[in-house]
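Okay, structure first, notes after.
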Amino acid sequence: MTFHRGISQIHGRTLNYFLRWAGLLVVSSVSALFAQSPDEDFADTPGGVLEYQVISLSAPDAAIEAYLKAFSVRKWSIVMKSRGAFLGYAMGLELRAASREALFNPKYWAPASDGPGFIVTPPTAALGALLPAERRELYHALARWSGNKPELWPLVFAHESVWHRLAAAGIPPPFLERARALCYPFGGGQALSDFSVLAEEFPDPEILRRFLEVQSTVTTVLPRLKLRTAKSISETLAYWTSNHKNPFAQPMLEALLESETSDGVELISIMPSSARRLSFDIEPDDVSHEIQSASYIISSNFATTPKNLQDLDAFDDWFGTNFKPVETPYRYGDVLALKQPTGQIINYACAFVGGDLVFARDPVGLGLWRFMRLKEVIDRNPHFIGGAFAGLRYQGLKAAPPPQRN
Amino acid sequence: MQLSISALPFVLYQWRLTRKLLGGFLLVSACQVTTVSSTQPNIPLTAPLGATSRAAPKSIEWEYRTGPWGTLRLREINLKAPAAALERLQFTETRMWSFGSMSWPKIQAFLLEANLSESQLAELVHPDRRLIGKDTLINGIELSSDLLLSLSPQSRLYIYNLLAQFPENSDHALPFVLPDQAGDEQLDLNPALREALIKLSYYRSGIRCLTDAKLLVPFVTDADELIRLKRFLVHSPSYTIEITRESLLQPEEFTRYWSRNQGKSSRNLLRILADSPDLAGLDLVHFLPPVPQGILNRFPDQELPPSINCFWTAFNFFSRNPDHQFLPLYDVADQAAHRALKTLETRFFLTEAPYEFGDVIAFFTPQGDERNPPELLHTASFIADDIVMTKNGAGDFKPIALMPLDHVVSLYAYPGGIEVRGYRQRP
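Here the protein sequences come in this chain order: A and B. Under my numbering, the residue at position 69 of the first sequence is numbered 69, and the numbers go up by one with no gaps. Under my numbering, the residue at position 82 of the second sequence is numbered 82, and the numbers go up by one with no gaps.
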């Protein structure tokens with residue numbers, strides 16, 4: 001991927017356009033937006049029926065290795081003017097005095113080498129001693145800085161069944177017991193940000209790898225497009241090319257319309273390059289880099305040809321100029337931007353595909369890029385709770401306005 | 001292209017490569033083309049949303065191929081070039097024949113053996129028809145359209161096989177390759193145009209060829225028919241391919257075969273199949289490295305370099321960051337071929353079939369002598385079984401497609417045939 005350079009520095013600037021618009025948008029809850037029941041195994045779109053096949057997938061070996069390397073040691077990024085300023089901020093958090101003292105001792109603080117603020121290396125023992133409520137409180141506060149990836153994108157245990165799978169996979173009971181103790185609750189599931197504690201207390205890389213592999217396993221949907229069900233060729237072509245604004249898939253669609261088997265075609269075959277490359281995958285670099293802006297960049301590729309991903313400022317301007325709020329019904333290529341009810345912590349977007357289906361990066365620690373049902377996206381990350389998605393639609397090719405100079 | 005004889009030495013060599021595979025493909029019958037026309041309403045590519053009804057699609061069966069790659073299921077598709085790309089496609093002027101440095105007496109002696117009529121021969125040897133190179137020693141003949149149209153297939157083949165030896169006559173060396181004449185009746189082209197197509201086509205080693213496509217243009221009645229003609233000449237079959245769950249029967253062989261793709265773990269993909277009992281198969285696109293993943297079954301567009309060619313496609317198969325040295329700089333394609341050949345010699349080694357995933361399949365002109373070493377015409381990437389991923393010539397009217405190797409070979413109607421060699425990247 002070429003767009004990592006500088007992502008960690010921009011902390012949401014790209015998508016502040018969205019925040020600017022947020023007050024104007026009609027933001028609907030997921031259930032209100034999509035009449036489709038999450039139990040249904042298909043979605044009817046203007047471009048044909050999407051049939052959902054249930055599949056199970058887990059993070060690739062390279063991503064697991066990258067996670068192991070990046071997060072076995074804990075570092076916090078605190079972008080404040082001084083340690084005192086942070087301590088003042090932390091006074092509002094429900095932390096025990098002992099936790100406060102153990103975690104924020106000045107000897108763990110160092111000025112950040114590549115920007116403003118500080119890098120804190122909290123002691124593992126102090127992290128391991130936090131109470132679940134403290135973890136939730138503190139990690140939510142730390143998630144405001146995009147460098148704190150384990151807090152922003154924790155490992156998530158959505159169902160009790162994950163623990164059963166881990167046990168069946170041969171993860172030792174003491175390890176699992178400790179992992180459970182390090183989790184903090186959110187919604188109907190649990191989140192784990194303290195992989196570093198596990199890595200230090202159980203320094204067997206094979207167990208850690210196996211834990212990450214099984215933990216990252218999800219049951220999800222793989223959509224197949226049944227073009228035989230499409231009502232008209234014109235409408236089908238218009239739908240999957242965002243009204244001819246991104247026509248690269250047109251020849252493939254025309255070919256498939258001519259010669260389709262009854263079992264259709266995997267939807268990925270008509271998706272943009274970036275979606276094809278990322279599907280079922282997460283680049284090793286993505287594991288440790290920020291992906292908030294990437295989620296917008298990738299999502300915008302569905303409606304139009306990709307922009308220069310290296311130039312994030314240019315993308316920022318271009319996106320703000322060309323994508324405008326839109327109400328339901330959404331259509332293929334619309335960017336769905338997360339709006340949280342109480343202050344934006346994460347800038348996150350996904351691409352609307354059809355029905356209740358989006359293409360997204362699963363918003364958890366080792367989450368893959370994949371097709372997801374929208375309700376699943378909302379339920380996956382502690383910071384998404386109570387949030388909703390608002391649509392932005394590509395308006396056509398326009399240059400960004402010239403920068404204003406003072 | 002407007003060419004003068006003085007410009008002949010500078011004829012853009014790229015056209016030799018660009019146009020080498022413009023032809024239709026033998027594996028797709030004209031019958032299929034006609035079926036396409038009759039089952040799908042003719043909708044402009046920029047058609048607004050409308051209520052155009054769908055006709056019943058053609059019923060296509062999957063083909064299955066099993067080997068160390070697992071089990072593939074394939075479905076043939078016909079990729080149609082975007083109309084905008086076809087509008088930009090210009091046919092080459094072929095009314096000027098270059099005989100290189102052959103002397104006039106030798107040219108005349110050659111033409112005497114070409115089974116020409118008296119009037120044809122008279123026109124060809126008339127001094128007014130002679131062209132002489134301005135800066136280099138090149139002798140040529142300028143023909144009238146009528147004469148070119150009147151040549152018999154036998155005379156045409158005899159003359160064109162000689163002309164193919166001179167680099168200025170790129171379309172004589174690598175002509176369009178057409179489906180068999182039997183299907184012409186069903187083409188959606190006017191009768192005069194069909195008749196001209198028949199007159200101008202000839203057979204080389206059993207392959208139906210067309211060199212003088214530009215001569216067809218006066219017979220075209222309107223812009224739509226011109227697009228239909230171009231689409232017929234450049235139409236591109238491809239496959240959609242899925243790896244089926246039967247591949248689970250040979251997990252070790254399967255994992256080893258696809259493991260040359262460093263980016264994605266074939267073990268992970270196999271596990272998806274193993275853990276998803278309802279899943280019949282996974283699209284091939286999941287198993288490809290990032291570059292082919294992004295470009296498979298699509299035409300060059302704003303996202304891809306406009307001059308993307310077979311060398312760029314094949315040599316960047318496993319690249320994380322594509323190397324653009326394989327693109328023709330300043331439109332000089334033979335330099336790209338030269339760089340590709342150098343790369344083959346330095347970073348690859350020759351290998352025999354059975355080929356492996358990602359091997360470069362290189363197409364050369366026949367072995368000549370020291371003065372005429374084999375020339376690298378084309379490269380493709382081996383996928384599995386007999387399937388290669390191939391960008392058949394530069395230009396945005398040719399897609400990056402999946403085709404059987406034999407069919408790609410048949411598109412190179414080079415006199416004397418071509419030589420195919422396999423290369424594998426050095427570790």
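By construction, the Cβ of each residue, glycine as well, lies at the ideal position given by its N, Cα and C atoms. Nothing here was measured: the structure is a model prediction, and the numbers come from that model.
Quiz item: So which residues of chain B does A:Val54 contact, with C-beta pairs closer than 7 Å?
Solution: Residues of chain B passing the Cβ test: Ser276 and Asp278.
If we ignore side chains and look at the alpha-carbon of each, how far apart do A:Phe359 and A:Thr220 end up? 12 Å
| request: Return the CA-CA distance between B:Ile132 and B:Ser101, expressed in angstroms with no decimal places. | output: When rounded, the distance between both Cα atoms is 10 Å.
Take every Cβ of the segment 309 to 321 of chain B, pair it with every Cβ of the segment 388 to 397 of chain B, and state whether three or more of those distances are shorter than 8 Å. Flag = yes, the segment 309 to 321 of chain B and the segment 388 to 397 of chain B touch.
### Task
Helix, strand or coil for B:Asn139, going by three-state DSSP, please let me know.
strand
Q | Assigned secondary structure, A:Trp240 (DSSP; H/G/I helix, E/B strand, else coil) | A | helix
- request: Could you name the residues of the same chain whose beta carbon sits closer than 7 Å to that of A:Gly354, not counting the 5 residues immediately before and after it, in chain order?
  value: Ala43, Thr45, Gly47, Leu50 and Tyr332
Considering only C-alpha positions, which residue in the set B:Pro191, B:Asp385 and B:Leu377 is nearest to B:Arg421?
B:Leu377
Let's test the definition: count the other Cβ atoms within 10 Å of the Cβ of B:His324 and tell me whether it reaches 16, buried, or not, exposed. Around the beta carbon of B:His324, fewer than 16 other beta carbons lie within 10 angstroms, which makes this residue exposed.
- Item | Cβ shell of A:Ser196 (< 8 Å), same chain only, five flanking positions each side left out | Phe71, Ser72, Val73, Arg74, Thr124, Leu127 and Pro150
Quiz item: In the segment 276 to 309 of chain B, which residue ranges form an unbroken alpha helix (DSSP H) of at least 4 residues, counting only runs that do not cross its ends?
Solution: 290 to 295
Item to complete: Pull up the distance between the alpha-carbon of A:Gly84 and that of A:Leu312, whole angstroms please.
Response: 33 Å
Neighbour list for B:Thr240 in chain C, Cβ cutoff strictly below 7 Å: As a matter of chain content, chain C is missing from the structure shown, whose protein chains are A and B.
8 Å Cβ cutoff, B:Pro290 in contact with chain A: Answer yes: the Cβ-Cβ gap between B:Pro290 and chain A drops below 8 Å somewhere.
### Contacts of B:His286 in chain A (Cβ-Cβ under 9 Å)
Glu266, Ile268, Arg276, Ser279, Phe280 and Asp281
message: What I want to know is whether the C-beta of B:Glu142 ends up closer than 7 Å to one or more non-hydrogen atoms of the ligand GDP.
response: Summarising the ligand content, the structure contains no ligands, and the ligand GDP is consequently not present.
With distances taken between CB atoms, is the gap from B:Phe363 to B:Arg260 smaller than 8 Å?
no
Mind reading off the beta-carbon distance from A:Val156 to A:Arg380? Whole number of angstroms is fine, and I expect it under 8 Å.
-> 6 Å
Next on the checklist: Under 8 Å, Cβ to Cβ, is there at least one residue of chain B near A:Asp362?
Outcome noted: no
With a threshold of 8 Å between beta-carbons, can A:Thr121 be considered close to chain B, or not? no
- Do the segment 367 to 385 of chain A and the segment 249 to 261 of chain A touch if we need at least three Cβ pairs shorter than 8 Å? no
Among A:Leu138, A:Leu212 and A:Ala90, which has the Cα closest to the Cα of A:Asp61?
-> A:Leu212
Chain B contacts made by the segment 204 to 224 of chain A, where a contact means CB separation under 7 Å = Leu222
Could you check which residue in B:Leu121, B:Glu195, B:Leu148 and B:Thr71 has the C-alpha nearest to that of B:Gly183? When only C-alpha atoms are compared, the closest one is B:Glu195.
- How many whole angstroms separate the CB atoms of A:Ala249 and A:Ile270, which I take to be in contact at a CB cut-off of 8 Å? 4 Å
Q. In chain order, what residues of the same chain have a beta carbon less than 7 Å from the beta carbon of B:Val285, not counting five sequence neighbours either side?
A. Gln293 and Leu296
| Residues of the segment 288 to 307 of chain A whose Cβ lies closer than 7 Å to any Cβ of chain B, in chain order | Thr305 and Pro306
Checklist entry - If you measure from the beta carbon of B:Pro105 to each beta carbon in chain A, is any gap under 8 Å? => result It does not; no Cβ of chain A falls within 8 Å.
Problem - Inter-residue spacing [alpha-carbon to alpha-carbon] between B:Ala122 and B:Leu216 - result: 24 Å
Query raised in the report: Considering only residues of the same chain and omitting the five flanking positions on each side of A:Leu152, which have a CB-CB separation below 6 Å?
Result: Ala143
Review point. Taking the C-alpha atoms as reference points, what is the distance between B:Arg339 and B:Pro322?
Key: 15 Å
| said: Counting only C-beta atoms, is B:Asn268 closer than 8 Å to chain A at any point? | reply: yes
How far does the alpha helix (DSSP H) with A:Gly320 in it extend, from its first residue to its last? Leu312 to Asn322
Q.
For a cutoff of 8 Å on Cβ pairs, would you count A:Asp194 as touching chain B?
A. no
query = Under a three-way DSSP split, which group does A:Thr217 fall into?
reply = Three-state DSSP puts A:Thr217 in coil, outside helix and strand.
So A:Leu182 contacts chain B; which residues on that side make the cut at Cβ distance below 7 Å? The contacting residues do not exist; A:Leu182 stays about 27 Å from chain B at best.
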